[in-house]
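Protein chains in written order, with my numbering: chain A, -11 to 91; chain B, 625 to 764. Here is the structure we will look at, set down as structure tokens.
Below, the structure is given as structure tokens:
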């Protein structure tokens, strides 16, 4: 698994920058973990589309997944790793700086 | 930034617990505020009836309902809110029990139970809103 990715000179993280991944990180940021199905409902995407985006985040070491059985059903839980949380916050800071009017 | 603002609104909405959650918790705690009334009961009933009532309330409220668990990450000031809330409930319950034992005011546990229910129902909702907003605001 790769750990993180090279940031752009402007501080934007190329792994997080695509909108679907930015939304995934934004939804995972305030929680300790979220269930795959709940995330899919929130994003209103298909299983395969979400899996594809998550795979990119997992590959960068930003997201971790675990499988757990609840109510007799196997479910996948997704969480932002510490590196992912740092990268996301850095990306938001860079976005905010870019969006701010220049003095 | 629009995507983030949208996600923030989504987080605020989804991280708040369902409407049934706080009244249910309020009812459960109110049962404990009524414990002084059980002092004259046989020992076995004193130990069995209150937990059974709490379990029954929880089971009825959760029947065929989606999970009310929110895996919210609590930061420093958010934890303080929870501690203050728990302390207020503990002081209210403890004071009521002590005063009832000392003065035998029959109405006190009932008043404490009603106050505890109101505190948890309304205070809990406010705390939940505060938590959801606070956690979601981390995006900006």
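Think of the CB as a built atom: it goes at the ideal place given N, C-alpha and C, for glycine as much as any other residue.
Query, Result
"Same chain, Cβ closer than 7 Å to residue 647 of chain B, neighbours up to 5 away in sequence not counted", "745"
"First and last residue of the uninterrupted alpha helix (DSSP H) at residue 75 of chain A", "70 to 87"
"Where residue 6 of chain A falls, given that 16 or more other Cβ within 10 Å makes a residue buried", "exposed"
"Counted within 10 angstroms of its Cβ, other Cβ atoms place residue 641 of chain B as buried (16 or more) or exposed", "buried"
"Presumed contact (8 Å Cβ cut-off) between residue 658 of chain B and residue 733 of chain B, rounded CB distance", "5 Å"
"Nearest-angstrom beta carbon gap, residue 751 of chain B and residue 682 of chain B [assumed within contact, 8 Å]", "Not quite, the Cβ-Cβ distance comes to about 20 Å (not below 8 Å), so this is no contact."
"Integer Cβ distance of residue 4 of chain A from residue 42 of chain A, believed to fall under 8 Å", "Contact doesn't hold; Cβ gap of about 13 Å is too wide."
"Any chain B beta carbon closer than 8 Å to residue 43 of chain A", "no"
"CB contact below 8 Å: residue 640 of chain B versus chain A", "no"
"Spatially closest choice to residue 735 of chain B from B/661, B/643, B/631, B/632, by CA coordinates", "B/661"
"Which listed residue (B/631, B/630, B/652, B/625) has its alpha carbon closest to that of residue 713 of chain B", "B/652"
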